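Heads up, the sequence shown is in the working numbering, so the first residue is 301 and it goes up one at a time.
Here is the structure we will look at, set down as structure tokens.
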Amino acid sequence: MPNTYLERNTLYPPLIGSNPEWGLTLVVTIPCFDEPDLLSTLSSLGRCSTPPMQAEVIVVVNNAAGAPREIVGRNNNTYQEALAWAEDHSRQDLQFEILYLSELPPRHAGVGLARKIAMDEAARRLVAAENPSGIITCLDADSRVQANYLQAVCRYFDEHPGCPAANIHYEHPLEGRDFAPEVYEAIVLYELHLRYYVHALRRAGLRAATQTVGSAMAVRADAYMAQGGMNRRQAGEDFYFLHKFTPLSGFGTITTTTVTPSPRPSHRLPFGTGKVIGQIIEGQPFLSYAPQIFDDLHVFLGQPERWYGPADFSEAELENAVRTLPESVRSFLQQQDFSAKLRELRQHSGSAETFVKRFFRWFDPFLAMKYVHHARDRYYPGVPVETAARAFLQWPTDKGTAREMLAVFRDMDRCEETDTG
């Protein structure tokens, strides 16, 4: 039976010559651009205990057409090394497939396109194996996984048959010999910021807020295709991709295994972990979002059913209700033409429950991020992340280091199993 997504939305014909093994259930996808130590990532996967079914790893080494010769040379060396490694370490229940695409269109070349190519190929192989509900995971070429990674991911989706997608618990390394001490200190601040931001949004009332780390995502192939696949963004592709699924019933968080992303500094992307770490090391101030931003947002989101109101909720009553909101929220809603949007939402909602669902499809994590930036730029300037996290945890101003607070946030995340639907 033809598959519409595979016919219309993929960019390449099948890239792997051999047919997938019968029973293929999970495919790990890894984009790889100018990575010096891909083999360590592959080795961490090779040490995984496999579930009682087939798994594959697809690596897409990539660069744009016209890339500098030194990058092409390093990529080719990585490709040849990975091919040799895969030949020696592939086994019946875990196959490694190494691809090299060296002529990607310069306008689109980047991590989003490379992820899309790998994930499309994974979806194609799961469909060919007659397992369209099989699992695709995303990993980075400089990340590591625990030995139970494959088993834990498969078990989670097996135990949650209605789950279309999930994020996977992650923890950056906070010490070691691979990086300078200042790198580890910087990643403490950045990861603390990431976790504080998501928890602050949730406390404000945005239930769909979730961690979006590109090396710690998983999705069923059929859900991946139904939602239009991966985007081709050159940065931030993980945020935009995963938030396609957070409104869906069953979206979850896998906390029984941990992915370890790299904290290394990098200036290859306009934003993201590597960029921020590089800036912190260079001495640029690293600020997070002021707690007042989320306090104000909670006034708006804390009781969304209030905006449904009675059937005769008049324009005057709406205007009065909006006037009671904090100025940061009120000015943002004016920009978004909230009055017209609210009329539309109420008109198409037969009950308060339906209204709330539609309301949060509109005020989703994308719009929330726009509000947060609006409030930061116009009302509440950035603050040190330790200050923000300490206020969230309600710790005294003289209590707790950044590492201690990060440990608390990690524990909070590790103990939850999110269903935002």
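Quick reminder that beta carbons are idealized off the backbone N, C-alpha and C, glycines included.
Small disclaimer: the values here were computed from a predicted structure and weren't measured.
Spell out a yes or no on whether the region 411 to 429 and the region 518 to 525 are touching, meaning 3 or more CB-CB pairs, one atom from each, closer than 8 Å.
-> yes
Helix or strand or just coil, what does DSSP make of T720?
-> With a pLDDT of 47 at T720, under the threshold of 50, the predicted position of this residue should be treated as unreliable, and no value is reported.
For the putative contact between R714 and H472, defined by C-beta atoms under 8 Å, what is the C-beta separation to the nearest angstrom?
-> Not quite, the Cβ-Cβ distance comes to about 14 Å (not below 8 Å), so this is no contact.
T378 classed as buried or exposed, judged by whether at least 16 other C-beta atoms fall within 10 angstroms = buried
Cβ neighbour criterion (16 or more within 10 Å) applied to W662 = exposed
Considering only C-alpha positions, which residue in the set Y540, R507, R495 and E335 is nearest to G514?
-> Y540
Might you give, ordered along the chain, the residues of its own chain that have their beta carbon closer than 6 Å to the beta carbon of S402, omitting 5 neighbours on each side?
-> N363
Which residues in the same chain have their Cβ closer than 7 Å to the Cβ of L645, if we skip the five residues on either side of it in sequence?
-> F655, R658, F659 and W662
I330 to M705 span [Cα, whole Å] | 31 Å
Within 10 angstroms of the Cβ of T697, are there 16 or more other Cβ atoms? Answer buried if so, exposed if not.
-> exposed
Give the straight-line distance between the Cα atoms of I371 and E381, rounded to the nearest whole angstrom.
-> 15 Å
Out of V629, D478 and Q635, state which residue places its alpha-carbon closest to the alpha-carbon of V599.
-> V629
Tell me whether G552 sits in a helix, a strand or coil according to DSSP, three-state version.
-> strand
What separation, rounded to the nearest whole angstrom, lies between the Cα atoms of P405 and L413?
-> 10 Å
Whole-angstrom distance between G550 and A480, CA atom to CA atom = 41 Å
Relative to the alpha-carbon of E627, which residue among K641, Y680 and G609 has its alpha-carbon at the smallest distance?
-> Y680
Report the three-state DSSP secondary structure of R564 (helix, strand or coil).
-> coil
Hey, could you find the ends of the beta strand (DSSP E) P331 is sitting in?
-> L324 to C332
If we ignore side chains and look at the alpha-carbon of each, how far apart do I554 and V453 end up?
-> 7 Å
For R532, which option in L306, Y305, L311 and E475 has the closest C-alpha, if you only look at C-alpha atoms?
-> L311
Where does K544 land, buried or exposed, given buried means 16+ other C-beta within 10 angstroms?
-> buried
When DSSP builds the beta bridges, which residues end up paired with S588?
-> V683
When the Cβ atoms of the region 385 to 392 are set against those of the region 333 to 346, are three or more pairs found closer than 8 Å?
-> yes
Have a look at the DSSP bridge pairing and note the partners of R444.
-> T560
Same chain, Cβ closer than 7 Å to D719, neighbours up to 5 away in sequence not counted = Note that D719 has pLDDT 49, beneath the 50 cutoff, so the model's placement of it is unreliable and the number below is only indicative. Around D719: G550, F551 and G552.
List the DSSP bridge partners of Y305.
-> None, per the DSSP bridge assignment.
Per DSSP, V259 is paired with what?
-> There is simply no residue 259 to check, as the chain begins at 301 and stops at 721 in what is shown.
Nearest residue (CA-CA) to V359, options R415, E307 and I487 = R415
Anticipated Cβ contact below 8 Å, V683 with L548, distance rounded | The Cβ separation is near 34 Å, so there is no contact.
Compute the Euclidean distance between the alpha carbons of A429 and A516, then round it to the nearest angstrom.
-> 24 Å
Given a threshold of 16 other Cβ atoms within 10 Å of its Cβ, counted over all protein chains shown, does E356 qualify as buried or as exposed?
-> buried
Expected contact under 8 Å - CB spacing of Y490 and F709 to nearest Å | Not quite, the Cβ-Cβ distance comes to about 12 Å (not below 8 Å), so this is no contact.
Considering only C-alpha positions, which residue in the set E653, R564, P665 and T557 is nearest to Y484?
-> R564
Go ahead and pull the three-state DSSP assignment for Q647.
-> helix
May I ask you to report which of helix, strand or coil DSSP gives Q603?
-> coil
Verify whether the separation of the beta carbon atoms of L506 and A652 is less than 9 Å.
-> no
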